[in-house]
Amino acid sequence: MLEKLFHIKENNTSIKVEVMAGITTFMTMAYILAVNPSMLAVAGMNKDAVLIATALASFIGTLAMALLANYPFALAPGMGLNAYFAYTVCLGMGYSWQIALLAVFAEGLIFIVLSLTSVREAIFNAIPVNLKKGVSVGIGLFIAFIGLQNGGIVVSNSSTLVSYVDFTANFRTAGICALLALIGLMVTAILYIKRVKGSILFGILITWVLGMLCQAVGLYVPDAENGFYSLYPAWGMTDLTSIKDTFGQCFRADFSTIKIFDFIAILLSFLFVDMFDTLGTLIGVATKADMLDKNGRLPRIKQALLADAVATSAGAVLGTSTTTTFVESSSGVAEGARTGLASVVTGLLFLVSIFLSPIFCSIPSFATAPALIFVGFLMISTVTNIDFSDLTEAIPAYLCLLAMPLMYSISEGIAVGVISYVIINLACGKAKKITPLMYVLAVLFICKYIFL
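Numbering-wise, this note's numbering puts 54 at position 50 of the sequence shown, and it's gapless, one number per residue.
Listed below in structure tokens is the structure:
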């Protein structure tokens, strides 16, 4: 049955590999179960309700990706989009979280229409192959940077923006966590080089166990006030009845408080970021997994985009911000995932996490950081496939991959890549290779910067 559903042998993989990869993807994404409720609570939402909505939306979206598209891509409420939801729409503009959910729901419906009419597929196919490779490399740099931050290795600095952590200043909290993240990175790299199956997952678990041992002997001292919690797994149940506080609330928004132009601006912002974050993730992960055809196109992309769109609207009804395809899916792909079976495993773990969320929320960020940093290395290797002999192709790809980590956004990296590609090729007399849709995208991105 599994073979008929997911074509495992045809994709040169196995049930064991897919299961291990699905678990790995979940482990690198589990932080969203803790982060998203905390983020949306700022907007006045019930944290327990948001946690359940987050897990359910992730389960629905990831399962839809598995069954509709047969790809090992996992979905969950996106970082950045949840911050825009809470801090810009609710706190900054003063709108209720119900109105913000309504905007997310409407965005999802628009995406469903765009996916069914092949508009999003056309955009994916319009992006040049070299630029797609630049996107893959950029995502590698981006998630490596996220991993360095999650591990506490890289911290903010007033003079240089970022710097490495002072290991000695707070050694029993921040210092030891950063050190454990570096040890975990070495463990993961060594296991991978030695071709140990599940090396990335084992890296996460070994780093976590080392952390618990450090806590047991007093090298790590929990400091909840500053965000350093006990590393031991917690036991408990989630209040399942709390979902009533967010379920269907997007349909109960007070329309009298909505300014139509503000609402359109909010909707378009969600639309732009979600669309190009998703496209960027699909491009990057699919490129690394060698899933693109000879023309740089992704088979069954319409189904993949439809799954993403359905998940967004379903998530809004449940009570969470935009659900999108997660770049952490690349960790599962790095473990060998090639089919939707890995996504089924990831989705089921999100479903189980509703009942055992305290355990999954105990996974420290420094334990998953080595996985992100190492997967970043695996994705950066695509840079060797970029055609550097043609500068009109190479420079836009370079600007794209550079912008993603520095602007902290996949969609902004794509915007920079598209705009520079059109301008450079137009100015250098190579307008013939620019597709009409690339002109449209460039104009839309420029308009976004001017009006949004």
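Where is the CB? At the ideal position from N, CA and C, for every residue including glycine. The structure presented is a predicted model; accordingly, all values stated were derived computationally and were not measured.
Sub-8 Å separation of residue i and residue j beta-carbons
i: Ala78; j: Thr350; result: yes
i: Ala61; j: Ala315; result: yes
i: Thr17; j: Gly340; result: yes
i: Leu235; j: Tyr224; result: yes
i: Ala446; j: Val422; result: yes
i: Ala68; j: Ala373; result: no
i: Thr28; j: Ser335; result: yes
i: Val54; j: Gly323; result: yes
i: Ser415; j: Asp281; result: yes
i: Phe128; j: Ile305; result: yes
i: Leu244; j: Ile56; result: yes
i: Leu195; j: Gly207; result: yes
i: Asp249; j: Met97; result: no
Neighbourhood of residue i by C-beta, 7 Å cutoff - its chain only, sequence neighbours within 5 removed
i: Pro303; result: Asp297
i: Lys137; result: Thr291, Thr386, Asn389, Ile390, Ala401
i: Asn86; result: Asn40, Met43, Leu44, Ser325
Residue nearest to residue i in terms of C-alpha spacing, selected from the options
i: Tyr99; options: Ile262, Ile414, Gly319; result: Ile262
i: Gly179; options: Thr396, Leu355, Val158, Met190; result: Val158
i: Tyr453; options: Ala419, Thr164, Gly82, Val444; result: Ala419
i: Val21; options: His11, Asn134, Arg256, Gly202; result: Gly202
i: Val133; options: Gly433, Gly300, Phe449; result: Gly300
i: Ile367; options: Asn15, Arg342, Gly155; result: Gly155
i: Phe255; options: Ala110, Leu355, Arg199; result: Ala110
i: Cys94; options: Val123, Leu71, Arg124, Met49; result: Met49
i: Tyr412; options: Met5, Val123, Phe146; result: Phe146
i: Phe115; options: Val200, Ser317, Phe259, Phe251; result: Ser317
i: Gly82; options: Met190, Phe330, Leu448; result: Phe330
i: Leu165; options: Phe359, Lys436, Leu410; result: Leu410
Residue i versus residue j: straight-line alpha-carbon distance, rounded
i: Val348; j: Ile64; result: 10 Å
i: Tyr168; j: Trp212; result: 22 Å
i: Ile247; j: Ala238; result: 22 Å
i: Val46; j: Thr328; result: 21 Å
i: Pro362; j: Gln219; result: 18 Å
i: Thr121; j: Ala182; result: 47 Å
i: Ile438; j: Ala193; result: 41 Å
i: Gly284; j: Met383; result: 13 Å
i: Leu403; j: Ser424; result: 8 Å
i: Gly344; j: Ala80; result: 16 Å
i: Gln153; j: Val108; result: 28 Å
i: Leu275; j: Gly112; result: 8 Å
i: Ala130; j: Met442; result: 6 Å
i: Thr396; j: Ile427; result: 10 Å
i: Phe149; j: Ala431; result: 34 Å
i: Glu14; j: Ile143; result: 28 Å
i: Ile12; j: Asn74; result: 10 Å
i: Leu72; j: Leu6; result: 14 Å
i: Phe232; j: Leu214; result: 16 Å
i: Val277; j: Asp394; result: 30 Å
i: Leu357; j: Lys51; result: One detail in the question is off: residue 357 reads as Ser in this sequence, not Leu. Spanning the two alpha carbons is a distance of roughly 15 Å.
i: Thr172; j: Ala346; result: 41 Å
Cβ shell of residue i (< 6 Å), same chain only, five flanking positions each side left out
i: Ile287; result: Lys136, Val139
i: Phe89; result: Ala104, Ser325
i: Asp227; result: Thr177
i: Ala34; result: Phe364, Ile367
May I have a chain-ordered list of the beta strand (DSSP E) segments no shorter than 3 residues that lie completely inside the region 320-388?
327-329
Just list the alpha helix (DSSP H) runs in the region 97-130, keeping only unbroken ones of 4 residues or longer that don't cross its boundaries, in chain order.
101-120, 123-130
Can you list, in chain order, the stretches of the alpha helix (DSSP H) that have 4 or more residues and sit fully within the region 391-435?
Those alpha helix (DSSP H) runs which fall completely within the region 391-435 and span 4+ residues are 395-411, 414-431.
Unbroken beta strand (DSSP E) runs of length 3 or more, entirely within the region 127-205: which are they?
Taking only runs of at least 3 residues, the beta strand (DSSP E) segments lying wholly in the region 127-205 are 158-161, 165-168.
Report the residue ranges of all alpha helix (DSSP H) runs contained in full by the region 23-69; include only those spanning at least 4 residues, in chain order.
36-45, 51-68
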